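Mapping of the sequence shown onto our numbering: residues 1166 to 1299, in sequence order. Note that beta-carbon positions come from the ideal geometry of N, C-alpha and C, so glycine has one too. In this text the structure is predicted, and so the values were computed from the model without any measurement. Structure first, then comments.
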Amino acid sequence: MRFGPTPWKCSICGHENAMAKQYCQECNSEPRVTLTDGTQVFPEHTDLKSNGQQLGYKVRADEERAKGFVRPVRRSYKHLKCGTVTRMGQTLAETYARNPKFYSGTFCCGCGTHFPVGAEGEFVWDGSDERVGT
Ligand SMILES: [Zn+2]
Ligand SMILES: [Zn+2]
């Protein structure tokens, strides 16, 4: 893991930006991301733990989420295939609310693995028919 004011890499153009930059200096399109606890994203964050979850999950950075939400902040979703409801942390929930299409998949704690989200995905927000990631 890397600590301190290390650069962050734009996922669109690959440019490495100074930690203090909120948007990519090269393409000006990618707001900063961190891990759920606000720490720097490290390359191995997608490695899986024994419970099937990733070591870390990306979220939009604090200053980006502070700009406001386009969806309600919802903390739990249901996997349609197994019916299990999974709860997530506040920063993940706020990232979905700020940028509903930020994630391509999410974790089901019943199945112990990740499945797609989006219009063709396998998850709805708990208590609704609205697909996660739409
Ligand atoms: Zn860029
Ligand atoms: Zn499941």
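For R1225: DSSP bridge partner residues: V1198
Three CB pairs or more closer than 8 Å across the segment 1236-1252 and the segment 1193-1213: no
Limits of the unbroken beta strand (DSSP E) element including R1252: First-last of the beta strand (DSSP E) with R1252: V1250 to R1252.
Minimum C-alpha distance to N1216 - residue among V1282, F1272 and P1281: The shortest CA-to-CA distance from N1216 to any of V1282, F1272 and P1281 is the one to F1272.
Length of the line joining the Cα atoms of G1270 and K1223: Between the alpha carbons of G1270 and K1223 lies a gap of roughly 12 Å.
Y1242: first and last residue of the uninterrupted beta strand (DSSP E) it sits in: S1241 to H1244
Which of helix, strand or coil DSSP assigns to R1257: For the sequence presented, residue 1257 should be read as Leu rather than Arg. If DSSP states are grouped into helix, strand and coil, L1257 belongs with the helices.
Coil, strand or helix - H1279 by DSSP: The answer is strand: DSSP assigns H1279 an E or B state.
Inter-residue Cα distance where the pair is G1277 and Y1188: 34 Å
Distance between beta carbons of Y1268 and G1298, contact taken as under 8 Å: With a Cβ gap of about 6 Å, G1298 and Y1268 count as contacting.
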